[in-house]
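Below is one structure; the comments refer to it alone.
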Amino acid sequence: MLEWAQDAPIYIQYAVLFLLAAAPWMDVSIIVPLGILGGLSPIGVSLTAFTGNLLLILLLGAFFKQVENWRQARKLKKGITEPSRKERRSKEIWQKYGIPGLALLAPIFVGTDIAAIIALAFGASKSGVIRWMTISLALWTIIFAAGAVYGFSFLNLL
73 MLEWAQDAPI YIQYAVLFLL AAAPWMDVSI IVPLGILGGL SPIGVSLTAF
123 TGNLLLILLL GAFFKQVENW RQARKLKKGI TEPSRKERRS KEIWQKYGIP
173 GLALLAPIFV GTDIAAIIAL AFGASKSGVI RWMTISLALW TIIFAAGAVY
223 GFSFLNLL
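Residue numbering for the sequence shown follows my numbering, beginning at 73 and increasing consecutively.
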């Protein structure tokens, strides 16, 4: 599988990274190191992953009501009445730190897609959620790219 990915034309490799980054539950924390360790350009991988993940956030913002209705119907169909662990964690972060905290901590704890849905469900403005998620994605994309290129020992400097 890895040989196929590395032998594929470069535009196919970046297209796959973009699609993975735009998929729910696939954050820059996974995609950026994966692409860089796969031998692709750190800048190209970072821009591709950032754009793909941002597209998901923009789509969630635009279609929040439909996504939320689908999630609720799916939970009812499965008989789930309690919030998930990620939802509980998101709510705790939201109550303590608001949109900025939820957005900045999302890639590590719950994922940007879940955090965006939770923030919107708690009544945050779409523009505020999108703005803070964009800032968070940019910051974490840079951190994960640097970590994949230089190793995470650079964090000792922070």
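Glycine included, each C-beta is placed from N, C-alpha and C at the ideal position.
Where do the N-terminal and C-terminal ends of the alpha helix (DSSP H) with residue i fall, by residue?
i           : result
residue 120 : 114-134
residue 185 : 184-193
residue 205 : 198-222
residue 164 : 157-181
residue 96  : Neither: residue 96 is in no alpha helix (DSSP H) and is coded neither H nor E.
If residue i sits next to residue j, beta carbons under 8 Å apart, how far is it from one beta carbon to the other, in whole angstroms?
i           : j           : result
residue 104 : residue 117 : 6 Å
residue 130 : residue 202 : 7 Å
residue 208 : residue 176 : 5 Å
residue 204 : residue 172 : 6 Å
Could you name the residues of the same chain whose beta carbon sits closer than 6 Å to that of residue i, not counting the 5 residues immediately before and after it, in chain order?
i           : result
residue 101 : 179 and 216
residue 124 : 90, 93 and 94
residue 158 : 182 and 186
residue 114 : 108, 217 and 221
What does a CB cutoff of less than 7 Å around residue i pick up in its chain, not counting 5 residues either side in sequence?
i           : result
residue 166 : 174, 190, 191 and 194
residue 132 : 139, 185, 188 and 189
residue 109 : 220
Around the Cβ of residue i, are there at least 16 other Cβ atoms within 10 angstroms (buried) or fewer (exposed)?
i           : result
residue 153 : exposed
residue 148 : exposed
residue 80  : exposed
residue 142 : exposed
residue 134 : exposed
residue 85  : buried
Within its chain, find whatever has a CB closer than 8 Å to the CB of residue i; leave out the 5 residues flanking it on each side and keep chain order.
i           : result
residue 206 : 126 and 129
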